[in-house]
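Everything on this sheet refers to the single structure shown next.
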Amino acid sequence: MLTENAFEILDGLMLGGGRVQIQRSQPHFTLSTLHLEWAQTVEDALRRIGVQTTICRAQSKVRCFHLKSHTYAELEYQRRRWALPKAQPKQRQIPRDVRLTPTVLAYWYAGRGECASNGYAIHLATRDRMH
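In this text, residue positions in the sequence shown follow our numbering: the first is 3, and each later residue adds one.
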């Protein structure tokens, strides 16, 4: 059973580009990033909530790192919360029950945020859209 803190971390990571995918009928968390330090930070956060991961470097021209968790049945609930109906299996939705706590916002910002050039605003993205 995932704790409230675990839900907040996972929701922030999902807003910040993470995914829960199915492999061999079991769910696992994945995240791709250009920054090894961010992958290591996510790995540490997930380890603290009991989710073991590995990080590997992508085999491509772009320097990219992939983080992947072991499979955990508890992640299936997260996958279903974020999934759209079967007509759009590659897309996802922001669940109505996501609470924008400081933890959620911190992981979202670290994963897909940026500070405005004037220093007075931040931008948060979900996929390629800024909010």
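All C-beta atoms, glycine included, are put in the ideal place defined by N, C-alpha and C. From a predicted model like this one, the values you see are computed outputs, not experimental measurements.
Looking at the DSSP output, Gln25 sits in a beta bridge with Gln28. Membership of Glu116 in any alpha helix (DSSP H) is not indicated; the residue belongs instead to the beta strand (DSSP E) covering 115-117.
Shown here, Leu107 sits in a helix according to DSSP, grouped into three states. Ala85 is bridged by DSSP to Arg94.
Contact between the segment 63-79 and the segment 22-42 is established, with three or more Cβ pairs separated by less than 8 Å.
Per DSSP, reduced to three states, the secondary structure at Leu4 is coil, with no helix or strand assignment.
The segment 7-19 makes contact with the segment 27-39: 3 or more CB pairs, one atom from each, lie closer than 8 Å. Assigned with DSSP and collapsed to three states, Arg49 falls in helix. DSSP links Ser71 through a beta bridge to Thr55.
Within the DSSP secondary-structure output, Ser34 pairs in a beta bridge with His68. Just so you know, the alpha carbons of His72 and Gln95 end up roughly 24 Å apart. Checking the DSSP bridge columns, you'll see Leu126 partnered with Gly115.
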